[in-house]
Amino acid sequence: MTLSLGVIADDFTGATDIASFIARAGWRVVQLNGIPRQPLPLDGVDAVVISLKTRSCPAPEAISQSLAACRWLRDRDCHRIYFKYCSTFDSTPQGNIGPVTDRLLAETGSALAILCPALPVNGRTLVNGYLFVNGQLLNESGMQNHPLTPMTDANLLRVMDAQAAGNTGLIPLATLRRGAGAVREHLEALRRQGIRYAVADALDDADLTLLAQSLPDDVLLTGGSGLAGALAALAPRDAERSATPAVPPSTGRAVVLSGSCSRMTNMQVEQYRRQAPARAIDVTRCLENGALYARELAQWVVEQPHRPAPMLFATQAVDVVRAVQARYGAAATGAAIEGLFADIALSLFGQGFSKFIIAGGETSSLITQRLGVGGFAIGQTIAPGVPWVRDIGRPLWLALKSGNFGDKDFFNQAQELYQ
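Going by the UniProt record's numbering, the sequence shown opens with residue 1, and the numbers climb by one from there.
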């Protein structure tokens with residue numbers, strides 16, 4: 001058994017994001033919740049995506065988990081390794097993108113890493129190494145206010161240099177559009193200069209296709225889901241091999257749990273709360289007696305009408321988030337809210353809820369872990385980068401949405417697929 005691609009994703013929403021883009025090319029994709037403890041039947045599988053929760057944990061922990069995932073994949077004759085992080089390069093001056101990339105370079109023996117977070121279909125583009133979100137510089141897009149990984153510089157060369165051990169170069173758009181030969185010559189020149197990381201410009205999907213066609217096998221691939229989707233599209237599988245993308249059944253209850261405070265999620269929550277039962281999380285009660293509060297909120301959800309699905313949300317505007325963090329501390333607040341949502345999800349699953357629509361990478365990660373999900377099958381796409389996924393062992397469905405993905409009506413769109 002040989003895997004064409006092995007992906008190490010630094011959070012769960014990012015993992016489902018990249019898995020859905022690879023699956024579009026007809027590839028058979030399995031998404032795993034961490035490294036499996038038991039042998040798995042992977043015959044006929046083209047790509048494995050390993051979901052980790054390493055985006056904002058201490059760097060040594062992120063490195064250790066990522067290396068273990070890399071070794072698991074290479075032990076299964078994985079042809080290429082891909083380190084997946086958010087298309088907005090979510091990290092801090094300490095990491096974890098840089099430190100993890102450094103260790104994966106050493107582990108794979110690659111001389112250079114490609115950094116390509118571009119995802120044009122969701123408005124993420126790169127020009128001269130500057131990352132834009134829907135035409136706005138990253139540090140002016142709302143990401144500068146992220147509660148865990150505020151992005152205050154759109155120049156990814158500077159961002160990477162600050163957190164990694166080597167130096168960063170650029171694959172300019174002009175070079176990329178001259179074709180594979182020009183890109184490979186440019187990469188060789190960067191290597192001779194001692195450059196360890198190359199940020200790739202890309203404005204549209206055609207640029208991602210050019211990049212995928214141009215990259216030699218001996219570079220480490222890192223980035224968002226766009227480049228991975230382009231790589232898979234270069235070698236599409238027989239359409240008959242892939243079953244029709246699945247959707248959840250109409251039976252069974254659903255709930256919306258929103259932990260993200262991104263600009264788009266704020267709009268999605270505001271839109272949905274006008275149409276469905278919705279209740280905001282009281283952070284003070286969450287911190288003071290989270291277990292009791294979780295039981296109260298789970299009971300409230302159970303008592304609401306089945307459709308549309310009721311929503312619990314910790315999503316707040318930037319000034320509210322800052323005030324809460326100033327009072328309780330960012331780390332303590334984030335951990336308490338994520339733990340609360342995980343307790344609620346576990347309680348609701350035990351009471352027959354089988355569909356969970358979750359906004360926020362950290363929230364999705366902990367809920368998935370607490371529910372004991374070992375792996376996912378990829379189902380129907382709700383929005384670019386956000387599919388429905390099904391537990392490989394149980395009739396449990398999840399829609400794991402990265403904060404800024406989807407449009408304003410996302411929570412309704414997720415439910416329309418099975419109603």
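Every residue, glycine too, gets a C-beta built ideally from N, C-alpha and C.
In this text, all values refer to a predicted model and were calculated from it rather than measured experimentally.
Check: Count the other C-beta atoms from every protein chain shown that fall within 10 angstroms of the C-beta of residue 250, then say buried if there are 16 or more, exposed otherwise.; Outcome: exposed
Check: Taking the beta carbon of residue 50 as the centre, do at least 16 other beta carbons fall within 10 Å, making it buried, or is it exposed?; Outcome: buried
Check: Going by other Cβ atoms of all chains shown within 10 Å of its Cβ, with 16 needed for buried, is residue 176 buried or exposed?; Outcome: buried
Check: Cutting at 7 Å between CB atoms, please list the residues of its own chain near residue 2, excluding the five before and the five after it.; Outcome: 77, 79
Check: Note down, in chain order, each residue of its chain lying with its Cβ closer than 6 Å to the Cβ of residue 7, except the 5 sequence neighbours on either side.; Outcome: 18, 49, 82, 84
Check: Quick check on DSSP: helix, strand or coil for residue 71?; Outcome: helix
Check: I want to know whether the region 217-235 touches the region 314-323 - three or more CB-CB distances under 8 Å.; Outcome: no
Check: Compute the Euclidean distance between the alpha carbons of residue 210 and residue 125, then round it to the nearest angstrom.; Outcome: 15 Å
Check: For residue 150, count neighbouring Cβ atoms within 10 angstroms of its own Cβ and tell me buried if that reaches 16, exposed if not.; Outcome: exposed
Check: Cα separation between residue 113 and residue 102?; Outcome: 9 Å
Check: Write down every uninterrupted run of the alpha helix (DSSP H) in the region 200-284 whose length is 4 residues or greater and which is fully enclosed by it, in chain order.; Outcome: 205-214, 225-233, 263-272
Check: By Cβ distance, which residues of its chain are closer than 8 Å to residue 12, with the 5 residues on each side in sequence left out?; Outcome: 33, 51, 53, 361, 364, 365, 368, 400
Check: Does DSSP put residue 387 in a helix, a strand or coil?; Outcome: strand
Check: Can you give me the C-alpha to C-alpha distance between residue 325 and residue 333, rounded to a whole angstrom?; Outcome: 7 Å
Check: Looking only at C-alpha atoms, which of 15, 75, 58, 56 sits nearest to residue 42?; Outcome: 75
Check: Note down the Cα distance separating residue 123 from residue 348, rounded to an integer number of angstroms.; Outcome: 35 Å
Check: Quick check: the Cα distance between residue 199 and residue 31, rounded to an integer number of angstroms?; Outcome: 27 Å
Check: Can you give me the C-alpha to C-alpha distance between residue 26 and residue 237, rounded to a whole angstrom?; Outcome: 5 Å
Check: Let me know if residue 266 comes out buried or exposed under the rule of 16 or more other beta-carbons within 10 Å of its beta-carbon.; Outcome: buried
Check: Mapping the DSSP letters down to three states, classify residue 125 as helix, strand or coil.; Outcome: strand
Check: If I measure Cβ to Cβ from residue 195 and keep anything under 8 Å in the same chain, skipping five residues before and after, which residues do I get?; Outcome: 112, 166, 167, 168, 169
Check: Out of 255, 110, 207, point me to the one whose CA is closest to residue 345's CA.; Outcome: 255
Check: How many Å lie between residue 117 and residue 257 at the Cα?; Outcome: 27 Å
Check: Please determine, among 289, 275, 323, 331, the residue with the shortest C-alpha to C-alpha distance to residue 305.; Outcome: 275
Check: Distance check for residue 248 and residue 22, CA to CA, integer angstroms please.; Outcome: 21 Å
Check: Cutting at 6 Å between CB atoms, please list the residues of its own chain near residue 242, excluding the five before and the five after it.; Outcome: Bear in mind that a pLDDT of 49 at residue 242, under 50, signals an unreliable position, so the number given afterwards is only what the model happens to contain. So the list reads 26, once near-sequence residues are dropped.
Check: Pairing CB atoms from the region 57-66 with CB atoms from the region 88-102, are three or more of them under 8 Å?; Outcome: yes
Check: Give the secondary structure of residue 20 by DSSP, where H, G and I count as helix, E and B as strand, and everything else as coil.; Outcome: helix
Check: Just checking: is the beta-carbon of residue 182 within a distance shorter than 8 Å of some beta-carbon in chain D?; Outcome: The chain inventory of the structure shown lacks chain D, comprising one protein chain alone.
Check: Pick helix, strand or coil for residue 38, following the three-state DSSP scheme.; Outcome: coil
Check: Tell me the rounded alpha-carbon separation between residue 355 and residue 252.; Outcome: 7 Å
Check: Kindly indicate which three-state DSSP category residue 373 falls into: helix, strand or coil?; Outcome: coil
Check: Here's the rule: buried if 16 or more other CB atoms are within 10 angstroms of the residue's CB, otherwise exposed. What is residue 342?; Outcome: buried
Check: If distances are taken between C-alpha atoms only, which option among 321, 132, 407 comes closest to residue 261?; Outcome: 321
Check: Given residue 406, which residues of its chain have a CB within under 8 Å of its CB, disregarding the five upstream and five downstream residues?; Outcome: 264, 268, 382, 383, 386, 413
Check: Given a cut-off of 8 Å on the beta-carbon distance, is the pair residue 212 and residue 187 in contact?; Outcome: no
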